[in-house]
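S.K.: Taken in order, the sequence shown gives residues -23 to -1, 1 to 464; the numbers are from mature numbering (1 follows the signal peptide of the UniProt record, and there is no 0).
Okay, handing you the structure first.
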Amino acid sequence: MIRAKVVSMLLFLALLMGVNAMAQGATGAPNIVVILADDMHWHHPGFNGGPAETPNLDRLASGGSSLTQFYVHSVCSPTRAAFLTGRYPFRNGMEERSHGNDVAGMLTDERTLAEGLREAGYYTAIIGKWHLGNWHKRHLPMQRGFDYQYGLYGALIGYWDKCRERYYDWHRNEQTLREEGYSTTLIGQEFAKVVKAHDFKKPLFAYVPFNAVHGPDEAPVDLLEKYRALVAKRPGEGDFEAKKYAMLDAMDQSIGKMLGTLEAKGVLENTLIVFFNDNGGRKSNPPYRGGKGENTEGGVRVPCILHWPGNVPAKQKVDGMMHVVDLYPTLLGIGGGSLDQSLPIDGIDMWDTITAGKPSERSEVVYSVPGWEKADTGPIAIRKGDYKLLGEALFNIEQDPSEETDIAGAHPEIYQALHQRLLELASERRIPETHTNISKTIDEPLLVFGEEENANPPPWLEPYVKGLPPTKRELQRAQNRKKQDSK
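Shown next as structure tokens:
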């Protein structure tokens, strides 16, 4: 009888160890899920004291560590490229965003985080917004290290119709996908499908860049009504804020679905979740000055949360200076990936800073270097220690985080040294390929992003895009023609 109980216990322990091994993956490495918000304002989510209801993000923040000096670039594509390569945009060819029907894309000799983690044994998926090349196949996600792709290639779409103007932009595994529903909700649902279908003997790297809360400002009706009622009681706020809160709430609900799916699969405890924002919100981002498109703190300092029970301390604030390029070596290190590559990185492995209290090794952040007139990274800017050069002004960020007092006149030696440093860095710029030997714009007619998809569109696509209501640009053109005809 005793022997039978012992055997039963041993079998139970063996089964438990097997389940645990499955959750950890064959390599023993954790799953890694990176969630990226788009144009979120610093002061909107609940975990930063905002009015938007974000219980799932709040849960990640309270159960993990928040980085209080985490920097990105002032617009989206440069930040995304820096994250995926560990290199500043002036090196990886993404200082300039992909706009509408141009063919800009990240330089193809850049190694991506997805490639590094796939080499280490991960299954890699992108579910959401890419925005690092929307036309040539060589620029698309499945040629840049991702085993699975879902979402949009470009900068923005209508949340319901999946179009930018009349250009369709919704895909699965680089095939045009017709799908009904609100894109923020669909992204969360697709993540759930991937997790449910995945065999966790192989660890998962899922990059989930939402297009929320980027424009166009479209939200589910019930959430919009809820926040219109709220802002009516908040002086100085109006429909812009109501829509942004509603869109953020919808994204948080999708994040809740993601967390629930990981939990149901039994892998949440062995999943590192990273959440951050690609740049500041379009309007003010108090307590910081400025917003999207500016290298002020409000444009480039964003929330960043890391959550991994038992590995990342809960309820912790990490004040050391970090930049989005640091996620590349940090996540590769956690995943057992190699940093043996031909192109040197700008990132620093910050794991011990986040988990063990080690001081940050980062003393410099480069936001924008001079000499490229088409750069979207804003006016020249660099931070060295406490001092930040912003255009022709100098600020002490430690003493003056709101950048109210220009001290360039009081510290000419620091001002000159930072200018000189930017000139040195400008000599290391790599010119985007769209300005060397290939066409700059996509040839019309354009129905869908993706050169091969546009060459062989599905039968439903042309009637669908032609049947959409007139766009703002079309209405403006019609109005201009009417004015011309009346002269």
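Note that CB positions come from ideal geometry on N, CA and C, so glycine has one too.
(1) Please go through the same chain and pick out, in chain order, the residues whose beta-carbon is closer than 8 Å to the beta-carbon of His76, but skip the five residues on each side of it.
(2) Whose CA, out of Asp303, Leu320, Gly310, lies closest to the CA of Ser340?
(3) Under three-state DSSP, which class holds His396?
(4) So if DSSP puts Asn8 in a beta bridge, which residue, or which two residues, is it bridged to?
(5) Rounded to whole angstroms, how far is the Cβ of Thr448 from the Cβ of Asn78, which I believe are closer than 8 Å?
(6) Nearest CA to the CA of Gly335: which residue from Met298, Gln453, Leu181?
(7) Relative to the C-alpha of Leu402, which candidate in Phe67, Ser43, Lys139 has its C-alpha closest?
(8) Give the straight-line distance between the Cα atoms of Ile359 and Pro212, rounded to the nearest whole angstrom.
(9) Helix, strand or coil: how does DSSP classify Tyr305 here?
(10) Please classify Glu240: is it buried, with 16 or more other beta-carbons within 10 angstroms of its beta-carbon, or exposed?
(11) Residue range of the beta strand (DSSP E) that Thr101 falls in?
(12) For the 8 Å Cβ check, are there 3 or more pairs between the segment 374 to 385 and the segment 79 to 95?
(13) Which residues bound the alpha helix (DSSP H) around Gly128?
(14) What's the C-alpha gap between Tyr99 and Lys178?
(15) Quick one: what's got a C-beta closer than 6 Å to Asp226's C-beta in the same chain, skipping five residues either side?
(16) Are there three or more Cβ pairs, one per stretch, closer than 8 Å when the segment 342 to 353 is compared with the segment 97 to 112?
(17) I'd like the list of long-range same chain contacts for Leu61, defined as Cβ closer than 6 Å, with 5 residues on each side in sequence excluded.
(18) Output the distance between the C-alpha atoms of Arg407 and Ala370, rounded to the nearest integer angstrom.
(19) Using a 10 Å radius around the Cβ and a threshold of 16 neighbouring Cβ atoms, would you call Lys459 buried or exposed?
(20) Indicate whether the contact test is met: 3 or more Cβ pairs, each with one atom in the segment 248 to 262 and one in the segment 12 to 19, closer than 8 Å.
(21) Suppose you measure from the CA of Asp462 to the CA of Arg450; what does that come to, to the nearest Å?
(22) What three-state label does DSSP hand Thr62 in the structure shown?
(23) Where Lys294 and Leu37 are concerned, what is the direct C-alpha to C-alpha distance, given to the nearest angstrom?
(24) With which residues is Ala14 paired in a DSSP beta bridge?
(25) Of all the options Phe182, Ala223, Ala291, which has the alpha carbon lying nearest to the alpha carbon of Ser39?
(26) My assumption, with CB atoms under 8 Å, is that Leu34 sits in contact with Gly23. Please give the rounded CB distance.
M.R.: Reading from the atomic positions:
(1) Ala132
(2) Asp303
(3) helix
(4) Thr248
(5) That belief does not hold up - the Cβ atoms of Thr448 and Asn78 are roughly 14 Å apart, past 8 Å.
(6) According to the sequence shown, residue 335 is Lys rather than Gly. Comparing Cα positions, the closest option is Met298.
(7) Phe67
(8) 36 Å
(9) helix
(10) exposed
(11) 100 to 106
(12) no
(13) No alpha helix (DSSP H) holds Gly128; the beta strand (DSSP E) holding it covers 125 to 129.
(14) 10 Å
(15) Ala29, Glu30, Leu200
(16) no
(17) Thr89, Leu90
(18) 27 Å
(19) exposed
(20) yes
(21) 18 Å
(22) helix
(23) 13 Å
(24) Asn254
(25) Ala291
(26) 7 Å
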